[in-house]
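2 protein chains.
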Amino acid sequence: MFLKFQNHFSTQFPFLQKAKILIAVSGGLDSMVLLDLISKMNVEFAVAHCNFQLRGDESNEDEHFVQSYCTSNSIKGFFQKFDTKQFAEDEKLSFQVAARKLRYEWFYELLATENFDFVLTAHHLDDQLETFLINLSRGTGLEGLCGIPSQNDKIIRPLLHFSRAEIETFAKENNLKWREDSSNASDKYVRNKIRHQLVPVLKELNPSFLDSFENTLQNLNQTQSLVDDASRMVYRKVVQDVDHQKIINLNELLQLPNYQAYLFQWLSPFGFSAWLDIYDLVNAQSGKQIFSEHFRLLKNRNTLIVETKSTEISSEYFIHEHQDELNFPLKLRLISVCEIGKSDAKTIFVDAEALKFPLQLRNWQEGDYFYPFGMNGKKKLSKFFKDEKFSIIDKEKAWLLCSDNQIVWLVGKRMDERFKVTENTQTILKIQLV
Amino acid sequence: MFLKFQNHFSTQFPFLQKAKILIAVSGGLDSMVLLDLISKMNVEFAVAHCNFQLRGDESNEDEHFVQSYCTSNSIKGFFQKFDTKQFAEDEKLSFQVAARKLRYEWFYELLATENFDFVLTAHHLDDQLETFLINLSRGTGLEGLCGIPSQNDKIIRPLLHFSRAEIETFAKENNLKWREDSSNASDKYVRNKIRHQLVPVLKELNPSFLDSFENTLQNLNQTQSLVDDASRMVYRKVVQDVDHQKIINLNELLQLPNYQAYLFQWLSPFGFSAWLDIYDLVNAQSGKQIFSEHFRLLKNRNTLIVETKSTEISSEYFIHEHQDELNFPLKLRLISVCEIGKSDAKTIFVDAEALKFPLQLRNWQEGDYFYPFGMNGKKKLSKFFKDEKFSIIDKEKAWLLCSDNQIVWLVGKRMDERFKVTENTQTILKIQLV
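In order, the protein sequence lines correspond to chains A and B.
Every letter in the first sequence is one number past the one before it in the UniProt record's numbering, and letter 57, counting from 1, is 57.
Every letter in the second sequence is one number past the one before it in the UniProt record's numbering, and letter 339, counting from 1, is 339.
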């Protein structure tokens, strides 16, 4: 069994041999198998464990389990507690989505600050199938049926080709220990129903169902790439990007018999979902508009215009010297401190003398770049957004704190290397997002 | 319940009110409900029943059931017996595929010869779902998940929006009688497993699952239209159509990161399926080739060429006056007869004096047209092929019997109006495909 895994790893991910790897370990069956497999492969790796604090003692026991495993095997571990409930409430997300967001944000942070090349997660083929069936049961589209990719930028899922049964066999053969998989009760109810009632029937209908399903996923993903091509090719003909507006030329658009499909592709990333209204808007009178949470879609003569809601239109705000608070559009607090404290997503410490007042707070613009803290060299903000999987909405909501138009802080995400506290720093300014 | 159906019909298919309709009636629940609904709508209609002779007495009893229903309700009925087993064997098809082919070919024939505007079939939403799950269980791609459309050219499926439960409720409310659905045993086993074991779980997970599923299908179909767009747009850039060859420019193709997905789209209609070999062929040496049943794919310098296998390359064969048989490439028998007999797909009767010998037998060419028997006026052969749902392979295999380059007979499919026997005919020639 080990050979089968190892062969797959070395043919599909040969570059892992020389990489510095971070393994996401919940303590469940799948991630403990992944950890064991990687341990046996003589590569440089560490463990990252998220404690989402959603299941009280159990969550803490999972953390202790992974901690003591790391200690007894001399593995470097990173452990992070998240106030997932609070975050979910603040961001109006389900616990699951909130946990996923927190998890991947932290992974990307570790990638950058600790110089890992890749994060490995232990998703497997049955996970793919269960997600496919969950999405099908709720109603979905092609994207909901495509599954997650085995490599997406720096996230790698080396077990995606294997079934739960294979992983379990390996765990038993190797006397591995694990904790029961962490997932909240309602998700567990759905997954269990699918796992124990749907999947067995599909396997009865076709004994090699999982293999067929893997082919199906491959086909669907290839198809998805054609959809992306069509969307992009037609976009270039029909849509004009002007500043923060996207202007859809209806004369061009309406020549396409399937123009609704294109509107769907282009507008759903902006959070629009009232499709029937949107399809009506095409023929509505000039001036009519439809809103998503952060954007509006405006019928204007022979065009549809997508733009941020007017209250959110890009503006600049200033922080003057000795000003110790900003209240709008964000609440920031600035304090001179004597020594550097614990920095996190919401708190940074900068070299006050490197700043030129007034500081500006503004939205990002095409062409913005910065020197992300913990990285060598500069990076275009657009690239940073892409690597960190910012959605269009995340990007529009992002605020930059700037000094003389140099980015000091992508607020709440990452500070700039150029303004960090060094041994030569005389005055430290603590800036806090409240 | 009747109103619900009626509203749907009149909003979605308003043109049916004034159309001449042919209803496909198996005698099962679904088609008897459709027949009853249409009967109550005051439109001109008739019934078509296929007896596939696959279930012995049962098949005949179904036919008698529909016949006697038509008689007692004064409905015009068309009844056709098919030797489905023989046809399936000859064409190397499964019984199911053979039956489908026979059914739709006959429907299109009736449409043309009896001047119907549309054929209605009784497929419903649960059929869609079951087909989706059958295809999923076997392994599939987007096309296998898209279901059948509610309108496809002249085939209309007005019940596609309704569930089996709704249809059954209507049947009971209206005291309808029906025969148990005809389907072969192995198909029944699979459908029953899906119907009784899979679908109920999906409905437990989401009580409005069928509605969600209908949305899913809509989304997938919209997406499929984008796939078709991408395939067509890129085809125009990368492929040259020259005579009977398609020449794929590899220099252009290989610039696309997802070129395999395009090859899949373009080549599967030609019956190719050895995808790994085909993807290798792209980088193979000039002269290497791969075959499907009727086509070959040739690597030639910086191109891939799709063409018919060399033995099948378009040729002309001649039938001279008084020649009573042709043995190659088809076996045709020609006999002078005194009076016209029963003509069918394989037997035609023509006015011998209208013919100019030698007759030619050849493949079709772009620009060919004929006067399909039973229709007014002429029709391009390409349009005829399209309406009759000829596949690329069907088209390449089609033979034309011509007189002075006018089409006399699309062999085995349809004769030409210009050569039919009239009251002025002196000599009748019977031509038979043996």
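Using N, Cα and C, we set each Cβ at its ideal position, and we do this for glycine too.
Strictly by DSSP, which residues pair up with residue i?
i                 : result
ALA261 of chain B : Answer is none; ALA261 of chain B lacks a bridge partner.
TYR189 of chain B : The partner list for TYR189 of chain B (beta bridge, DSSP) is empty, contrary to what the question assumes.
SER336 of chain B : B:LEU429
ALA230 of chain B : Per DSSP, none; premise fails for ALA230 of chain B.
ASN300 of chain B : B:THR303
PHE318 of chain B : B:GLN360
ILE21 of chain B  : B:PHE45 and B:PHE118
ILE155 of chain B : B:VAL119 and B:ASN152
GLU325 of chain B : B:ARG333
LYS241 of chain B : For the record, residue 241 of chain B in the displayed sequence is Asp; it is not Lys. Paired residues: B:LYS246.
THR308 of chain A : A:PHE295
Taking residue i as the reference, which of the options has the closest Cα?
i                 : options                                   : result
GLU321 of chain A : A:LYS309, A:LEU330 and A:ILE335           : A:ILE335
GLU353 of chain A : A:LYS92, A:LYS430 and A:THR11             : A:LYS430
GLU307 of chain B : B:PHE318, B:PHE291 and B:GLU316           : B:PHE291
GLU423 of chain A : A:GLY144, A:GLU396 and A:CYS338           : A:CYS338
HIS244 of chain A : A:LYS356, A:PHE79 and A:ARG296            : A:ARG296
ILE340 of chain B : B:THR427, B:LYS356 and B:GLY28            : B:THR427
GLY412 of chain B : B:VAL33, B:ILE38 and B:PHE349             : B:PHE349
LEU34 of chain A  : A:SER10, A:ASN115, A:PRO158 and A:THR84   : A:PRO158
ASN215 of chain B : B:SER268, B:LEU145, B:ARG138 and B:MET233 : B:LEU145
TYR104 of chain B : B:GLN365, B:ASP127 and B:PHE52            : B:PHE52
ALA165 of chain B : B:THR131, B:ILE156, B:ARG179 and B:LEU210 : B:LEU210
LEU29 of chain A  : A:SER163, A:LEU263, A:LYS76 and A:LYS356  : A:SER163
ASN174 of chain B : B:PHE2, B:VAL199 and B:PHE9               : B:PHE2
GLU252 of chain B : B:SER225, B:VAL238, B:GLY77 and B:LEU263  : B:VAL238
TYR317 of chain B : B:ASP324, B:CYS50, B:PHE270 and B:PRO329  : B:PRO329
LEU397 of chain A : A:GLU114, A:ASP229, A:GLY56 and A:ARG362  : Leu is not the amino acid found at residue 397 of chain A; the sequence shown has Lys there. Residue A:ARG362 is the option with its Cα nearest to LYS397 of chain A.
SER31 of chain A  : A:ASP57, A:GLU44, A:PHE65 and A:LEU16     : A:PHE65
ASN300 of chain A : A:LYS288, A:HIS294, A:LYS172 and A:ILE392 : A:LYS288
THR121 of chain B : B:ILE134, B:THR113, B:ALA46 and B:PHE419  : B:ALA46
GLN285 of chain A : A:LEU267, A:LEU304, A:PRO200 and A:GLY271 : A:LEU304
GLN12 of chain B  : B:LEU142, B:PRO149 and B:LYS386           : B:PRO149
Secondary structure at residue i, three-state DSSP: helix, strand or coil?
i                      : result
GLU214 of chain B      : helix
CYS146 of chain A      : coil
VAL434 of chain B      : coil
ASN251 of chain A      : helix
HIS49 of chain B       : strand
LEU350 of chain B      : The residue asked about is misnamed: residue 350 of chain B is Val in this sequence, not Leu. Three-state DSSP puts VAL350 of chain B in a strand.
ALA171 of chain A      : helix
GLU44 of chain A       : strand
LYS246 of chain A      : strand
LEU220 of chain B      : helix
ASP344 of chain B      : strand
GLU166 of chain A      : helix
PHE15 of chain A       : helix
LEU205 of chain A      : helix
ARG55 of chain A       : coil
SER26 of chain A       : coil
LYS4 of chain A        : helix
residue 464 of chain B : Limits of chain B in this structure are 1 at one end and 434 at the other, which puts residue 464 of chain B out of reach.
Can you give me, in chain order, the residues of the UniProt domain "Lysidine-tRNA(Ile) synthetase C-terminal" (359-431) of chain B that have a beta carbon less than 8 Å from any beta carbon in chain A? none
Going along the chain, which residues of the region 214-227 of chain B sit with their C-beta nearer than 7 Å to a C-beta in chain A? ASN215, THR216, ASN219, LEU220, GLN222, THR223, SER225, LEU226 and VAL227
Go through the UniProt domain "Lysidine-tRNA(Ile) synthetase C-terminal" (359-431) of chain A residue by residue and report every complete run of the beta strand (DSSP E) that reaches 3 residues or more, in order. 359-362, 400-403 and 406-410
Would you list, in sequence order, the uninterrupted alpha helix (DSSP H) runs of no fewer than 4 residues that lie entirely inside the region 59-144 of chain B? 84-91, 95-113 and 125-138
Any C-beta of chain B within less than 8 Å: which residues of the region 184-212 of chain A qualify? VAL190, LYS193, ILE194, GLN197, LEU198, VAL201, LEU202, GLU204, LEU205, ASN206, PHE209, ASP211 and SER212
Using a beta-carbon distance cut-off of less than 9 Å, what residues from the region 248-281 of chain A approach chain E? No chain E is part of this structure, whose protein chains are labelled A and B.
For the region 229-246 of chain B, which residues have a CB atom closer than 8 Å to at least one CB atom of chain A, in sequence order? ASP229, ALA230, SER231, MET233 and VAL234
Would you list, in sequence order, the uninterrupted beta strand (DSSP E) runs of no fewer than 3 residues that lie entirely inside the region 263-297 of chain A? 289-291
Going along the region 119-132 of chain A in order, which residues come within less than 9 Å of chain B, judged by CB to CB distance? PHE132
Positions along the region 74-103 of chain B whose CB lies within less than 9 Å of some CB in chain A: none
The region 145-169 of chain A: which residues have C-beta closer than 8 Å to a C-beta of chain B, in chain order? LEU145
Could you name the residues of the region 35-62 of chain A whose beta carbon sits closer than 8 Å to any beta carbon of chain B, in the order they occur along the chain? none
Check each residue of the region 10-25 of chain A: if its Cβ is closer than 9 Å to any Cβ of chain B, include it; give the result in chain order. none
According to a CB-to-CB cut-off of less than 7 Å, which residues of the region 295-319 of chain B neighbour chain A? none
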